Amino acid sequence: MKLLFFNILFFLLSFAIYSQDKDSLSKFDPTRNPFDDLKSAVEVAKESSKRIILDVGGEWCIWCHRIDAFIHNTDEIKSLLEENFIILKINYSKENKNEKFLSHYPQIAGYPHFFVLDEAGKLLHSQNTGELEKDKDYDKDKFIDFLNKWKPVKN
Numbered sequence: 000m001k002l003l004f005f006n007i008l009f010f011l012l013s014f015a016i017y018s019q020d021k022d023s024l025s026k027f028d029p030t031r032n033p034f035d036d037l038k039s040a041v042e043v044a045k046e047s048s049k050r051i052i053l054d055v056g057g058e059w060c061i062w063c064h065r066i067d068a069f070i071h072n073t074d075e076i077k078s079l080l081e082e083n084f085i086i087l088k089i090n091y092s093k094e095n096k097n098e099k100f101l102s103h104y105p106q107i108a109g110y111p112h113f114f115v116l117d118e119a120g121k122l123l124h125s126q127n128t129g130e131l132e133k134d135k136d137y138d139k140d141k142f143i144d145f146l147n148k149w150k151p152v153k154n
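For what it's worth, numbering that gives the first Met the number 0 labels the leading residue of the sequence shown as 0, then goes sequentially.
Take a look at the structure:
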């Protein structure tokens, strides 16, 4: 009986930890280590033959929330991302600017900003997301063109 109790407890704690970690990856978290996160993303990208998009921004950034909502509400874009890319949110805020990590990439003019990396973590492209905007939202066709241009070539 004790063994059953401990197995159930272990399962519940594991699920809670996994859910919390998955949730923290969907937000800009100033406490995360982007070097460790990128290392993990590279491992997954290599296993799945995907590219990596570094999504740089912060919880303070209205356009960061708009781009997340746009992606979430646009099935074609959400599918293209899920099939071809690992998304890694990199926090930039007054709490943590991640200057050491971001110093390895080109200067950022505004937020959110995307860096497209190959499956080994090598920079392929720096994308000003302002170029993907339309009015107070994002342009579906421009966004799809961007993703199609930078998705990995599948054999």
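Using N, Cα and C, we set each Cβ at its ideal position, and we do this for glycine too.
All values reported here derive from a predicted model rather than from experimental measurement.
Query, Result
"Compute the Euclidean distance between the alpha carbons of GLU130 and GLU46, then round it to the nearest angstrom.", "31 Å"
"What are the boundary residues of the beta strand (DSSP E) that ASP54 is part of?", "50 to 56"
"Are ILE107 and ILE85 closer than 8 Å when you measure CB to CB?", "no"
"Name the one or two DSSP bridge partners that TYR110 has.", "TYR110 is not bridged to any residue."
"Under three-state DSSP, which class holds SER125?", "strand"
"Look at the alpha carbon of SER48 and the alpha carbon of HIS71, and state the distance between them as a whole number of angstroms.", "23 Å"
"Can you tell me whether LYS135 is helix, strand or coil according to DSSP?", "coil"
"Around the C-beta of PRO105, are 16 or more other C-beta atoms found within 10 angstroms, so that it is buried, or is it exposed?", "exposed"
"Quick check: what's the CA-CA separation for PHE100 versus LYS135?", "30 Å"
"Leaving out five residues on either side along the sequence, give the residues of the same chain with a beta carbon under 6 Å from the beta carbon of LEU53.", "LEU87, ILE89, PHE114"
"Determine the direct distance from the alpha carbon of ILE143 to that of ILE76, and round the result to whole angstroms.", "6 Å"
"If distances are taken between C-alpha atoms only, which option among THR30, SER25, LYS26 comes closest to ASN95?", "THR30"
"Report yes if the C-beta distance between ILE66 and TYR137 is below 8 Å; otherwise report no.", "yes"
"Measuring only the C-alpha atoms, how far is ASP117 from LEU123?", "7 Å"
"Is GLU81 close to chain B? Criterion is C-beta to C-beta, closer than 8 Å.", "Absent from the structure is chain B; it holds one protein chain and no more."
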